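Visitor: So the sequence shown is numbered by the numbering used here: it starts at 1 and just counts up by one. Just dropping this structure here.
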Amino acid sequence: MKLPKEVTIKEVGPRDGLQNETKFVATADKVDWINLLSLSGLKYIEVSSFVHPKWIPSLADSLEVFKQIKRQHGVTYGALIPNEKGLERALEANIDEAAIFMSASETHNQKNINKSIDSTFPVLHNVAQAALSANKTVRGYVSTVFGCPYEGKVDTESIIHVSEKLFEMGIQELSLGDTIGVANPKQVELLLEILLKRFPADKLALHFHDTRGTALANMLTAMEMGITTFDSAAGGLGGCPYAPGASGNVATDDVVYMLEEMNIHTGVDQDKLFAATSFIQQKMDRALPSHNLQARLGAVIRS
Ligand code: HMG
Ligand code: MG
Numbered sequence: 001m002k003l004p005k006e007v008t009i010k011e012v013g014p015r016d017g018l019q020n021e022t023k024f025v026a027t028a029d030k031v032d033w034i035n036l037l038s039l040s041g042l043k044y045i046e047v048s049s050f051v052h053p054k055w056i057p058s059l060a061d062s063l064e065v066f067k068q069i070k071r072q073h074g075v076t077y078g079a080l081i082p083n084e085k086g087l088e089r090a091l092e093a094n095i096d097e098a099a100i101f102m103s104a105s106e107t108h109n110q111k112n113i114n115k116s117i118d119s120t121f122p123v124l125h126n127v128a129q130a131a132l133s134a135n136k137t138v139r140g141y142v143s144t145v146f147g148c149p150y151e152g153k154v155d156t157e158s159i160i161h162v163s164e165k166l167f168e169m170g171i172q173e174l175s176l177g178d179t180i181g182v183a184n185p186k187q188v189e190l191l192l193e194i195l196l197k198r199f200p201a202d203k204l205a206l207h208f209h210d211t212r213g214t215a216l217a218n219m220l221t222a223m224e225m226g227i228t229t230f231d232s233a234a235g236g237l238g239g240c241p242y243a244p245g246a247s248g249n250v251a252t253d254d255v256v257y258m259l260e261e262m263n264i265h266t267g268v269d270q271d272k273l274f275a276a277t278s279f280i281q282q283k284m285d286r287a288l289p290s291h292n293l294q295a296r297l298g299a300v301i302r303s
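Right, dumping it as structure tokens:
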């Protein structure tokens, strides 16, 4: 296996993880959780989103969360932003990075952000330009890359078209989303073979949801193809409320365990991450999907 020596993990749990939860996690608990994550060695935390609070009620307190967290030097605190109205609020929150997002499939784009793909481009262009002028870094997401809950298979040309448009807007990194967790390693290999002819590996991240248990295998394939940045969510929380059947992101705890055991450096301290994930599990009142978390908790109970 040809694998990298180091991998960057982008923690999206406080945003992707909580956006799909019906339970509203108290602002103070979100803040405490993000503060614990900030101490774990993670270098990027997607804190929340500045979408319409009616669309995502569980993240309606994004401004407050940003104001209350204790920022650690060297950690980038990002937020998901759909339009200029969202960016205004995000700048007030003093985000470090703006994450703009859209889909490669028309129906998901429409259901998720209430616009066609074509009419999304000028909106995100303005957000990216304004964020860059405010000295923020900008990340782009393209969703439904490996399958759409409404349309099924997604045209590779559409993925390329949306990705190129996002790079033209000035994004520094593009995260390719398996929104509903349908990808398999062969599909990852075939798609990356095409995309890596157009975009450098160090500008791409992969964002796997683990709905069908294939996320770690997909990651391994992507690493063999030269990808070194991955999104994940502590505990395996996550999902898109506008993608029926979507469940959690691959669990940060499982990713870090696998990589560190393989001598691939993540910079994340597993005990500190465990403290953060155990904390949020208690607040969710249910067992979270992370295998590593449950194994560790089982070991604690038995000892
Ligand atoms: P809209 O209703 O079309 O918005 O929603 P609009 O522009 O027509 O404005 C309607 C009203 O909303 C106006 O207020 C605006 O000011 C207000 P009024 O004048 O009527 O009083 N408004 C806002 N208020 C607060 N914040 C804003 C905002 N924008 C407009 N930002 C919109 C369009 C994009 C806002 C809506 O569809 C939305 O919020 N969608 C977000 C849905 C979402 O967050 N989905 C999950 C994230 S994506 C994801 O999970 C995938 C990812 O993880 C990758 C993967 O897994 O593939 C990233
Ligand atoms: Mg997602």
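Note that CB positions come from ideal geometry on N, CA and C, so glycine has one too. Just so you know, these numbers come straight off a predicted model, no measurement behind them.
Can C177 be considered in contact with the ligand HMG, in the sense that its beta carbon sits closer than 7 Å to one or more heavy atoms?
Guide: The sequence shown places Gly at residue 177, not Cys. At least one heavy atom of the ligand HMG lies closer than 7 Å to the C-beta of G177.
Visitor: Is C240 a contact residue of the ligand MG, with contact defined as CB to any heavy atom under 7 Å?
Guide: yes
Visitor: From this set, D118, G298 and V256, which residue's C-alpha is nearest E11's C-alpha?
Guide: Scanning D118, G298 and V256 for the CA closest to the CA of E11 turns up V256.
Visitor: In three-state terms, what does DSSP make of K67?
Guide: helix
Visitor: Sorted by chain position, which residues of the same chain lie with C-beta nearer than 8 Å to K115's C-beta, five sequence neighbours on each side aside?
Guide: N109 and V123
Visitor: Going by Cα to Cα distance, which pick from R139, L216 and I95 is closest to G236?
Guide: L216
Visitor: What residues in its chain sit with their C-beta under 6 Å from that of Y242, if we drop five residues either side in the sequence?
Guide: K111 and N112
Visitor: Beta-carbon separation of M225 and E189 under 8 Å?
Guide: yes
Visitor: Nearest CA to the CA of S143: which residue from L132, S175, K165 and K153?
Guide: S175
Visitor: Whole angstroms is fine: what's the gap from K197's alpha carbon to D29's?
Guide: 44 Å
Visitor: By a C-beta neighbour count over all protein chains shown, 10 Å radius and 16 as the cutoff for buried, is E92 buried or exposed?
Guide: exposed
Visitor: Of all the options T27, A128 and H125, which has the alpha carbon lying nearest to the alpha carbon of S58?
Guide: T27
Visitor: Quick check on I100: does DSSP put it in helix, strand or coil?
Guide: Strand, per DSSP.
Visitor: With a CB to CB cut of under 6 Å and the five nearest residues on each side skipped, what residues in its chain are close to C148?
Guide: S105, H108 and V154
Visitor: Quick one: which unbroken beta strand (DSSP E) runs of 3-plus residues sit fully inside the segment 84 to 134? Chain order, please.
Guide: 97 to 103
Visitor: If I'm right that K43 touches G74 with Cβ under 8 Å, what's the distance once you round it to whole angstroms?
Guide: Confirmed, Cβ separation roughly 6 Å.
Visitor: Inspect the beta-carbon positions of S290 and A246 and report whether they are closer than 8 Å.
Guide: A distance of 8 Å or more separates the beta carbons of S290 and A246.
Visitor: Give the secondary structure of T76 by DSSP, where H, G and I count as helix, E and B as strand, and everything else as coil.
Guide: The DSSP-derived three-state label of T76 is strand.
Visitor: With the cut-off set at 8 Å, would you say A183 and D16 are in Cβ contact?
Guide: no
Visitor: Under three-state DSSP, which class holds T137?
Guide: strand
Visitor: Once DSSP output is grouped into helix, strand and coil, what is the label at G152?
Guide: strand
Visitor: Are the beta-carbon atoms of N39 and Q72 separated by less than 8 Å?
Guide: The sequence given here has Leu at residue 39, not Asn. It is a contact, given that the beta carbons lie within the stated cut-off.
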